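Order-wise, the sequence lines are chains A, B, C, D and E.
Those letters in the first sequence? Residues 13 to 179, by the working numbering.
Those letters in the second sequence? Residues 13 to 179, by the working numbering.
Those letters in the third sequence? Residues 13 to 179, by the working numbering.
Those letters in the fourth sequence? Residues 13 to 179, by the working numbering.
Those letters in the fifth sequence? Residues 13 to 179, by the working numbering.
Cβ atoms here follow ideal geometry from the backbone N, Cα and C, with glycine treated the same way.
Note that the structure is predicted; figures quoted are calculated from it, not measured.
Working notes for the structure below.
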Amino acid sequence: MEAVDCMVNRLKIGLADTTFARADMAGFAIDEINRKFPDLQKEFVRRTVPGIKDLPVECKLLYERDKCDMVIAFGMVGKEAVDKTCGHEASLGLQWAKLMTNKHIVEVFVHEDEGKNEKDLGSIFEDRARKHAINAVLLATNQQELTKYAGLGLRQGRMHVGKIVRE
Amino acid sequence: MEAVDCMVNRLKIGLADTTFARADMAGFAIDEINRKFPDLQKEFVRRTVPGIKDLPVECKLLYERDKCDMVIAFGMVGKEAVDKTCGHEASLGLQWAKLMTNKHIVEVFVHEDEGKNEKDLGSIFEDRARKHAINAVLLATNQQELTKYAGLGLRQGRMHVGKIVRE
Amino acid sequence: MEAVDCMVNRLKIGLADTTFARADMAGFAIDEINRKFPDLQKEFVRRTVPGIKDLPVECKLLYERDKCDMVIAFGMVGKEAVDKTCGHEASLGLQWAKLMTNKHIVEVFVHEDEGKNEKDLGSIFEDRARKHAINAVLLATNQQELTKYAGLGLRQGRMHVGKIVRE
Amino acid sequence: MEAVDCMVNRLKIGLADTTFARADMAGFAIDEINRKFPDLQKEFVRRTVPGIKDLPVECKLLYERDKCDMVIAFGMVGKEAVDKTCGHEASLGLQWAKLMTNKHIVEVFVHEDEGKNEKDLGSIFEDRARKHAINAVLLATNQQELTKYAGLGLRQGRMHVGKIVRE
Amino acid sequence: MEAVDCMVNRLKIGLADTTFARADMAGFAIDEINRKFPDLQKEFVRRTVPGIKDLPVECKLLYERDKCDMVIAFGMVGKEAVDKTCGHEASLGLQWAKLMTNKHIVEVFVHEDEGKNEKDLGSIFEDRARKHAINAVLLATNQQELTKYAGLGLRQGRMHVGKIVRE
């Protein structure tokens, strides 16, 4: 995707991230949004919390207190079983936060064991953060653009897998 | 089931789908509703989101913002353990969305590992989307029709299994 | 339990069931309530939905829209892992529906893999539906009757197991 | 703990239990509260439901309809996998019930497979019910008493395990 | 981190802990806050409950009844499978409590099986309680301080793991 049209000209974007994660995903997202939406007037509100389970209420506050137009949650899920449970709890918290605010929160979670090595993991952090940053802006400004890609097997963090071939 | 009676003559149908899925399930549903309910005046509102965990709030918005009469959620659950967890979180989100709106949301989820191969998976996508599209319209317009099939072991995506034989 | 006293003389009973299940549990329940509570003036409201995950909001509607006095949810959980997850989601949905309405919803769920064979499964469907139908009426009309059986190891679908013997 | 001070002189205690459990835990609790708090004027409201998943809304009603000052939920979780899931659903229901009422509900759950044999299981039922009955009264009347035991590794149903020894 | 700036000069801090845990985590937290924030006027409200599943509503009450500015929940998750489930339920309860109050609750949970031995476990209790106590005060008074550590792989209870190295 090249520079993308969006139908509003001003957007206040909330970014919630953690001290637990091992990459600056919010930084990648800010960079990507600045590149891909040069004509959009952007305001970024960034709030850091300790871990993923602190993200849901922070995201809710970014909407309700800070009056953001779109919020993105960046988190890393550790490799232990207990970390997986934390990730699940955080995701459920985000579900409730969305339903209580009637707003999307784009969840950018990376699992520490997704990468083959540290370098690969690093590129997943960056790719997922950048692609979902675009998704977030489109959801807030030009959702019809996403319908062009409905059912096409898009992926964030790795290569797109594409539509099922039936013959 | 052939062309089916429904007791209202106008229906605004919301369809929420994802860029993650690997088939155009919403397309199958629209086609099926057009075929099976020729006399019904239909309006379709289609909204695409990145993944299944974005569906619950989108469905809630389709009721509350777009004033749809019935909403269908189309999603694909990937093959990894983490995808299964995402599917579970999305389904719980849909439960809350239904209870908060007092409305049905017909969940059309396909698991990427359900099919024996890509062709089989493709036919599950289509069969489930088409059958649940009819369910959705009946729930909204003529629920008594469904009671004729109560306890009969109907299936979407594969063959019906039928009622238990006790002797 | 023979014909049972109940302390009101009129009861509107909601029955939510599915096309997915493989037995007419609501039918057994209606028959049992008619037999065991001959002097009670009963009104039955039956609503069928596709699957178990559609039950919670239907039950909530049976209270809030149809003004039922007691609601029973009948569902079958399939044998696959994905079905177990659906059953869990439906049960959590029923928990919320109860807490949001401040009403009991008697959950009559049968797992397709509970029976040794189809005949056995069929008898579980019937026994559980009939016994829980009585529980539902007692909860709504004469809950003190249930306290006589507190801690006695009652079972629905199979034989009662009884109180723990300490010596 | 001997007879314990409590700072109010009247308490309405709700006890919710089930016909599924295999011991009269509510009975043990009533006996223990009568013994340990002889100077407290007590009123007991006992309500029996079929199984553990019926407890959360019953507890909520004990607060909201019956105006109890403290509510205790007694349940037994069976030995099968499906029973463990039911126990989890009931516990989540209790979490919501507490948060919706802003009240504690002391959960006294025993797993049927906790005991080495029926006699051992019986003593777990009794010990847990008695100790948690005291906890419930203290939570409602003299919570500062509990702080004396903070971090001391207290257990209900078995022996206390004590504080960690660091050297 | 040495003595840390905070931008308010008065803070009412709620501490909820349990009799089940095997260390006085709240005590470590109070000591750490007194050391690291000498110029902050602090008021501590400490409430002890039996176990971790009692923490969520207690934390909610610390905000709503006691009007605390920040609340920390200290709990220990036992080693058995049933304990892990309890920990999960408590964490979900904390998610809802946060979303219902629009406030952070810093969750300081230690798993009894995290330590190599009792001494190691003891040091995890202390390190996690002390570090999260600082996080809690910063969240309430100077959240921008945390953004300096965003994505740096901080850990509580063990050594920090650091940022991913991509080359």
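Proximity test, Cβ basis, 8 Å: Met82/D and chain C = Start at 1 with the first residue of the fourth sequence, and residue 82/D comes out as number 70. No, because no Cβ of chain C sits closer than 8 Å to the Cβ of Met82/D.
In chain order, what residues of the same chain lie with their CB nearer than 7 Å to the CB of Thr31/B, ignoring the 5 residues before and after it?
-> Here residue 31/B corresponds to residue number 19 of the second sequence, with the count starting at 1. Excluding sequence neighbours, Thr31/B sits near Thr60 and Pro62.
Drop a sphere of 10 angstroms on the beta-carbon of Gly66/C, count the other beta-carbons inside from all chains shown, and report buried for 16 or more, exposed for fewer.
-> Translated into positions along the third sequence, residue 66/C becomes position 54. It should be noted that the sequence gives Asp, not Gly, for residue 66/C. Counting the other CB atoms within 10 Å of its CB gives Asp66/C a total of 16 or more, which places it among the buried residues.
Starting from Gln53/A, follow its DSSP beta bridges and name the residues at the other end.
-> Residue mapping note: residue 53/A aligns to position 41 of the first sequence, counting from 1. In the DSSP output, where bridge partners are listed per residue, Gln53/A has Arg22/A.
Cβ contact (3+ pairs, closer than 8 Å) linking the stretch 81-101 of chain D and the stretch 118-126 of chain D | As far as the Cβ criterion goes, the stretch 81-101 of chain D touches the stretch 118-126 of chain D, which means the pair count is three or higher.
Determine the chain B residues that contact Val20/A at a beta-carbon separation under 7 Å, and present them in chain order.
-> Here residue 20/A is taken as the residue at index 8 of the first sequence, counted from 1. Within 7 Å Cβ-Cβ: nothing; Val20/A doesn't reach chain B, min ~16 Å.
Using a C-beta cutoff of 8 Å, does Leu74/B count as contacting chain C?
-> For the purposes of this step, residue 74/B is taken as residue 62 along the second sequence, with counting starting at 1. Look at Leu74/B: its C-beta is not under 8 Å from any C-beta on chain C.
Complete runs of the beta strand (DSSP E) confined to the stretch 66-138 of chain C [at least 3 residues] = 82-89 and 117-123, all fully within the stretch 66-138 of chain C.
Beta-carbon separation (whole angstroms), Gln107/C vs Leu104/D, contact threshold 8 Å | Position 95 of the third sequence, counted from the start, is the residue given in the question as residue 107/C. Position 92 of the fourth sequence, counted from the start, is the residue given in the question as residue 104/D. Cβ-Cβ separation between Gln107/C and Leu104/D: approximately 7 Å, consistent with a contact (criterion under 8 Å).
Test: Glu119/D CB closer than 8 Å to a CB of chain C = On the fourth sequence, position 107 is the one that residue 119/D refers to. Answer no: the Cβ-Cβ gap between Glu119/D and chain C never drops below 8 Å.
DSSP on Thr30/A, reduced to helix/strand/coil?
-> Along the first sequence, one-based indexing puts residue 30/A at 18. Assignment of Thr30/A by DSSP, reduced to helix, strand and coil, places it in the strand class.
Assign Val177/D to one of three DSSP states: helix, strand, or coil.
-> As a position in the fourth sequence, residue 177/D is number 165, starting the count at 1. If DSSP states are grouped into helix, strand and coil, Val177/D belongs with coil.
Going by the CB atoms, is the gap between Asp78/C and Ile25/C shorter than 8 Å?
-> The residue you call residue 25/C lines up with position 13 of the third sequence. The residue you call residue 78/C lines up with position 66 of the third sequence. Cβ distance not < 8 Å, so Ile25/C and Asp78/C don't count as in contact.
Gly163/C versus chain D: which residues are under 7 Å apart at the beta carbon?
-> Counted from its first residue, the third sequence places residue 163/C at position 151. Within 7 Å of the CB of Gly163/C, the CB atoms of chain D belong to Asp29, Ala33, Arg34, Ala35, Asp36 and Met37, in sequence order along the chain.
Per-residue burial, Glu130/A [other beta carbons within 10 Å of its own, 16 or more giving buried] | Residue 130/A sits at position 118 when you count from the first residue of the first sequence. Its Cβ having fewer than 16 others within 10 Å, Glu130/A is exposed.
Could you pull out every residue in the same chain whose Cβ sits closer than 6 Å to the Cβ of His144/A, ignoring the five residues on either side in sequence?
-> The count along the first sequence starts at 1 and reaches residue 144/A at position 132. Closer than 6 Å at the Cβ level, and outside the excluded window around His144/A, lie Val118, Val120 and Gln168.
Let me know if Met13/D comes out buried or exposed under the rule of 16 or more other beta-carbons within 10 Å of its beta-carbon.
-> The residue given as residue 13/D occupies position 1 in the fourth sequence. Caution applies to Met13/D, whose pLDDT of 46 falls short of 50 and renders its modelled position unreliable; the value that the coordinates give is listed next. By the neighbour-count rule (16 or more Cβ atoms within 10 Å), Met13/D is not buried but exposed.
Which one of Asn21/E, Val83/E, Gly165/E and Glu101/E has the shortest CA to CA distance from Phe49/E?
-> Here residue 49/E refers to the residue found at position 37 when the fifth sequence is read from its first residue. Nearest of Asn21/E, Val83/E, Gly165/E and Glu101/E to Phe49/E, Cα basis: Asn21/E.
Chain-ordered neighbours of Ile176/C on chain D, where CB pairs are closer than 8 Å | Indexing the third sequence from 1 puts residue 176/C at position 164. Within chain D, the residues near Ile176/C are Arg34, Ala35, Glu130, Leu133, Gly134 and Phe137.
Any Cβ of chain C within less than 8 Å of the Cβ of Val149/B?
-> Here residue 149/B is taken as the residue at index 137 of the second sequence, counted from 1. Answer no: the Cβ-Cβ gap between Val149/B and chain C never drops below 8 Å.
For Arg140/A, which of helix, strand or coil comes out of DSSP?
-> Position 128 of the first sequence, counting from 1, holds the residue named residue 140/A. For Arg140/A, the three-state secondary structure derived from DSSP is helix.
Rounded straight-line distance, which links the Cα of Arg142/B to that of Glu44/B | Counting from one through the second sequence, the residue named residue 44/B turns up at place 32. Counting from one through the second sequence, the residue named residue 142/B turns up at place 130. Going from the Cα of Glu44/B to the Cα of Arg142/B covers about 6 Å.
Determine the chain C residues that contact Asn46/B at a beta-carbon separation under 7 Å, and present them in chain order.
-> Numbered from 1 along the second sequence, position 34 holds the residue referred to as residue 46/B. Result: empty, since nearest Cβ-Cβ is about 21 Å, beyond 7 Å.
Select from the stretch 85-107 of chain D all residues with a C-beta closer than 7 Å to any C-beta belonging to chain C, and list them in chain order.
-> Near chain C, meaning a CB-to-CB distance below 7 Å, the residues of the stretch 85-107 of chain D are Val94, Thr97, Glu101, Leu104 and Gly105.
Expressed to the nearest angstrom, what Euclidean distance is found between the alpha-carbon atoms of Asp95/B and Glu101/B?
-> Within the second sequence, numbered from 1, the residue matching residue 95/B stands at position 83. Within the second sequence, numbered from 1, the residue matching residue 101/B stands at position 89. The alpha-carbon atoms of Asp95/B and Glu101/B are separated by roughly 10 Å.
Candidates Ile146/B, Tyr75/B and Asp51/B: closest to Ala28/B by CA position | Taking the first residue of the second sequence as position 1, residue 28/B is located at position 16. Nearest C-alpha to Ala28/B: Tyr75/B.
Integer-rounded CB distance, given that Ala148/D should sit under 8 Å from Ile64/D | If you number the fourth sequence from 1, residue 64/D lands on position 52. If you number the fourth sequence from 1, residue 148/D lands on position 136. Ile64/D to Ala148/D, Cβ: 18 Å. No contact.
Member of Val57/E, Ala33/E and Leu23/E whose CA lies at the smallest distance from the CA of Gln155/D = For the purposes of this step, residue 155/D is taken as the residue at position 143 of the fourth sequence. Relative to Gln155/D, the option among Val57/E, Ala33/E and Leu23/E whose CA is nearest is Val57/E.
Among His116/C, Gly174/C and Thr153/C, which has the Cα closest to the Cα of Asp51/C?
-> Indexing the third sequence from 1 puts residue 51/C at position 39. Considering only alpha carbons, the answer is Thr153/C.
Can you tell me which of Asp36/E, Gly99/E and Thr113/E puts its alpha carbon nearest to the alpha carbon of Leu73/E?
-> One-based indexing of the fifth sequence puts residue 73/E at position 61. Each of Asp36/E, Gly99/E and Thr113/E was checked against the Cα of Leu73/E, and the nearest Cα belongs to Thr113/E.
Since I believe Leu158/A is in contact with Gly174/A (beta carbons under 8 Å), could you give me their beta-carbon distance rounded to a whole number of angstroms?
-> In the first sequence, residue 174/A corresponds to position 162, counting from 1. In the first sequence, residue 158/A corresponds to position 146, counting from 1. With a Cβ gap of about 17 Å, Gly174/A and Leu158/A do not count as contacting.
May I ask you to report which of helix, strand or coil DSSP gives Met13/B?
-> Mapped onto the second sequence, residue 13/B falls at position 1. Reliability of the predicted coordinates at Met13/B is poor, the pLDDT of 46 falling under 50, and no value is obtained from them.
Can you tell me which of Glu138/C, Lys160/C and Lys115/C puts its alpha carbon nearest to the alpha carbon of Met171/C?
-> Translated into the one-based positions of the third sequence, residue 171/C becomes position 159. Of the candidates Glu138/C, Lys160/C and Lys115/C, the one whose C-alpha sits nearest the C-alpha of Met171/C is Glu138/C.
So what does Val61/E bridge to, in DSSP terms?
-> Translated into positions along the fifth sequence, residue 61/E becomes position 49. Among the bridge pairs identified by DSSP, Val61/E is matched with Thr30/E.
First and last residue of the uninterrupted alpha helix (DSSP H) at Met37/E | Along the fifth sequence, one-based indexing puts residue 37/E at 25. Per DSSP, Met37/E belongs to the alpha helix (DSSP H) from Met37 to Lys48.
According to the Cβ coordinates, are Leu151/B and His116/B closer than 8 Å?
-> Walking along the second sequence from the start, residue 151/B turns up at place 139. Walking along the second sequence from the start, residue 116/B turns up at place 104. At a Cβ-Cβ threshold of 8 Å, Leu151/B and His116/B count as neighbours.
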